[in-house]
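Heads up, the thing below is written out as structure tokens.
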Amino acid sequence: MGQSADRLAAAFNVTRREQDEYAIRSHLLAQQATDKGYLDDIIPMHIPGAPDAISRDNGIRVSTMEQMNKLKPAFIKPHGTVTAASSSFLTDGASASL
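For the sequence shown, counting from 1, position 11 maps to 717 in my numbering; every step adds exactly one.
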């Protein structure tokens with residue numbers, strides 16, 4: 707998926723900065739929605755052996771442009787534009803197993 711994102715970004719002239727700005731905005735809005743209780747439809751999941759239930763989206767990563775600029779391309783090196791901060795932290799396979 708990350709390699710496809712890099713290829714699409716190149717094909718449609720989406721810059722690294724645009725991707726980083728979009729990622730920051732997306733995570734900020736997700737955090738605000740969580741804080742305001744808009745995501746109350748998340749059902750806690752109990753994992754056998756784990757002390758606590760998973761009851762929040764643990765993929766929200768609020769960041770800054772300064773932090774984003776430090777990251778290297780994650781998929782197509784050295785010229786890609788997709789980083790760990792602008793891509794999903796969860797792979798399709800992992801979400802399918804849930």
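Backbone N, C-alpha and C fix where the C-beta goes; we use that ideal spot for every residue, glycine too.
Can you list, in chain order, the residues of its chain whose CB lies under 7 Å from that of residue i, leaving out five sequence neighbours each side?
i	result
G708	A780, F781, V788 and S793
V768	H733, L734 and Q737
M751	A759 and I760
Can the beta-carbon of residue i be found closer than 9 Å to that of residue j?
i	j	result
P784	K778	yes
I766	Q737	yes
D712	M771	no
Measuring only between beta-carbons, confirm whether residue i sits less than 9 Å from chain C.
i	result
Q709	Absent from the structure is chain C; it holds one protein chain and no more.
Please return the same chain residues whose Cβ sits closer than 6 Å to the Cβ of residue i, not counting the five positions on each side in sequence.
i	result
A729	A791 and S792
I748	none
T721	none
F795	G765
Residue i: which of the options sits nearest, CA to CA?
i	options	result
N764	N719, H733 and S710	H733
R762	S769, M774, Q773 and A739	A739
M774	H752, R731 and P757	R731
Can you tell me which residues form a DSSP beta bridge with residue i?
i	result
I840	Past the boundaries of the shown model lies residue 840; the chain is included only from 707 to 804, so the question cannot be answered.
I766	DSSP, once it has assigned bridges, lists no residue as partnering I766.
M751	I760
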